[in-house]
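All residue numbers for the sequence shown refer to numbering that gives the first Met the number 0, where the first residue is 0 and numbers rise by one. Quick notes on the structure that follows.
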Amino acid sequence: MIGLGVLGAGSYGTAMAIQLARRGTPTRLWGRNEAELAAMQQARVNARYLPGCHFPISLTATSDLEATVQGAAHVLIVVPSHALRETLERIAPLLGPEQGLACACKGLEPGSGRLVHEVVAHVLGEARPLAVISGPTFAKEMGLGLPTAVTVASLNESFADLIAQSLHGDGFRAYTSDDVVGVEIGGSAKNVMAIAVGIADGMSLGANTRAALITRGLAETMRLGEALGAKPETLMGLAGMGDLVLTCTDNQSRNRRMGLLLAQGKTVPQAIEEIQQVVEGVKAAPEVLRLARSVGVDMPITEQVVRLIAGEITPVQAVKNLATRPSKAETE
Numbered sequence: 000m001i002g003l004g005v006l007g008a009g010s011y012g013t014a015m016a017i018q019l020a021r022r023g024t025p026t027r028l029w030g031r032n033e034a035e036l037a038a039m040q041q042a043r044v045n046a047r048y049l050p051g052c053h054f055p056i057s058l059t060a061t062s063d064l065e066a067t068v069q070g071a072a073h074v075l076i077v078v079p080s081h082a083l084r085e086t087l088e089r090i091a092p093l094l095g096p097e098q099g100l101a102c103a104c105k106g107l108e109p110g111s112g113r114l115v116h117e118v119v120a121h122v123l124g125e126a127r128p129l130a131v132i133s134g135p136t137f138a139k140e141m142g143l144g145l146p147t148a149v150t151v152a153s154l155n156e157s158f159a160d161l162i163a164q165s166l167h168g169d170g171f172r173a174y175t176s177d178d179v180v181g182v183e184i185g186g187s188a189k190n191v192m193a194i195a196v197g198i199a200d201g202m203s204l205g206a207n208t209r210a211a212l213i214t215r216g217l218a219e220t221m222r223l224g225e226a227l228g229a230k231p232e233t234l235m236g237l238a239g240m241g242d243l244v245l246t247c248t249d250n251q252s253r254n255r256r257m258g259l260l261l262a263q264g265k266t267v268p269q270a271i272e273e274i275q276q277v278v279e280g281v282k283a284a285p286e287v288l289r290l291a292r293s294v295g296v297d298m299p300i301t302e303q304v305v306r307l308i309a310g311e312i313t314p315v316q317a318v319k320n321l322a323t324r325p326s327k328a329e330t331e
């Protein structure tokens, strides 16, 4: 039996699998495309999504879902949030009662607005050990073995420790937490804020504007987290502020690049075509706003991003709407 089966052979799933294998955990990386996975296994690299990051000897790439799930002690899901439910439904009949589940999916389920742990509970029930992983992590840097830190959150302390220790080492630091909601909210909202910052930078609005958007974006995220029971320290930590700063300020971020392209006058479909990968913030933005409204939380930056993505306003109008809001106390 292998240690972990990783489901999702995009850039982030591949990087996670490389880190697990680098730490000596026998790991299988599963993806849908049989030809691509066979090529990865032969070349020992994911040339499409993570070129230059070579597979450790204990990593196997495969398109055999049944072998990956049933041959693993535990399963790590690293797919876009909109694909989480389908993935869970596919593996439900394959999972044994002793297998735990870890998720490194960032975002809310489109349509329902459910957080990751809620989708898992809805499909698999609440008895299975579950951990969520988030933090400031670009896949390329993780795959190359550059210093990286994440938060592993679970209500099951021993399972959080197990997943964290599987990842921890060789410059990779994995911290544990019991604040599942806080980690999930941080990972969802930061993508929306990165689109906003990308728009501002694409319009050459300057460093002052960038800093203000990041700071007020964190304030929005913390208000939402507080309303949902998250801990403030989680949203001031790796899964909150850390991931927010990373995603807003570096062009490795797909969501930031989306904002830059929107500022150039590209439509959302045109920008996605150019980026050539899933941009989580596009699907997350309306769900984050809907969730915020359901608990009475004001998220003005998120609202402007949603309206812009929907084609209701232009980048110039979005900036004007935020700039002309009434003055108020910073803590409100």
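All residues carry an ideal CB built from backbone N, CA and C; glycine is no exception.
Verify the CB distance criterion: does residue i have a CB-CB separation below 9 Å to chain B?
{"i": "V182", "result": "Considering every chain present, this structure includes no chain B. It has just one protein chain."}
Bridge partners for residue i per DSSP, in chain order?
{"i": "I76", "result": "L6, C102"}
{"i": "R172", "result": "A148"}
{"i": "T355", "result": "Outside the shown range of the chain (0 to 331) lies residue 355, about which nothing can therefore be said."}
{"i": "V131", "result": "C102, A152"}
{"i": "N45", "result": "L49"}
{"i": "A71", "result": "I1"}
In chain order, what residues of the same chain lie with their CB nearer than 6 Å to the CB of residue i, ignoring the 5 residues before and after it?
{"i": "H53", "result": "R43, V44"}
{"i": "R306", "result": "I312"}
{"i": "A291", "result": "L223, M298"}
{"i": "G142", "result": "A14, I17, L49, C52"}
{"i": "A262", "result": "I198, G201, M202, P314"}
{"i": "R22", "result": "G168"}
Below 8 Å on the Cβ atoms is my contact criterion, and I expect residue i with residue j to pass it. Report the Cβ-Cβ distance as a whole number of Å.
{"i": "V115", "j": "E183", "result": "5 Å"}
{"i": "A335", "j": "V287", "result": "Outside the displayed range of the chain (0 to 331) lies residue 335, so it cannot be described from this structure."}
{"i": "V213", "j": "V244", "result": "Residue 213 is actually Ile in this sequence, not Val. Yes, they are in contact, since the Cβ atoms of I213 and V244 sit about 6 Å apart, within 8 Å."}
{"i": "L58", "j": "L36", "result": "Not confirmed; about 12 Å, so no contact."}
{"i": "Y174", "j": "A148", "result": "7 Å"}
{"i": "G368", "j": "S133", "result": "The question about residue 368 has no answer, for the chain in this structure spans 0 to 331."}
{"i": "S165", "j": "G7", "result": "Contact doesn't hold; Cβ gap of about 17 Å is too wide."}
{"i": "G12", "j": "K282", "result": "Actually they are not in contact, since the Cβ atoms of G12 and K282 sit about 18 Å apart, beyond 8 Å."}
{"i": "G70", "j": "I194", "result": "Between I194 and G70 the Cβ distance is about 39 Å, and since that is not below 8 Å, they are no contact."}
{"i": "S62", "j": "N32", "result": "7 Å"}
{"i": "I300", "j": "G216", "result": "6 Å"}
For residue i, which residues from the same chain have a beta carbon less than 7 Å from its beta carbon, with the 5 sequence-adjacent residues on both sides left out?
{"i": "A16", "result": "V5, T26, L28, L58"}
{"i": "V278", "result": "R253, N254, M257, I271"}
{"i": "T246", "result": "K189, N190, A193, S252, N254, R255"}
Considering only residues of the same chain and omitting the five flanking positions on each side of residue i, which have a CB-CB separation below 8 Å?
{"i": "D177", "result": "A152, S153, L154, E156, A159"}
{"i": "V78", "result": "L6, G7, G9, G12, T86, C104"}
{"i": "P231", "result": "M221, G224, E225"}
**Sequence ranges, alpha helix (DSSP H) only - wholly within the segment 210 to 294, length at least 4** = 231 to 234, 242 to 248, 253 to 262, 267 to 274, 279 to 293
**Prompt:** Just checking, does the segment 96 to 116 make contact with the segment 125 to 136 on the three C-beta pairs under 8 Å criterion?
**Reply:** yes
**Message:** Counting beta carbon pairs with one atom in the segment 200 to 213 and one in the segment 83 to 96, are three or more of them shorter than 8 Å?
**Reply:** no
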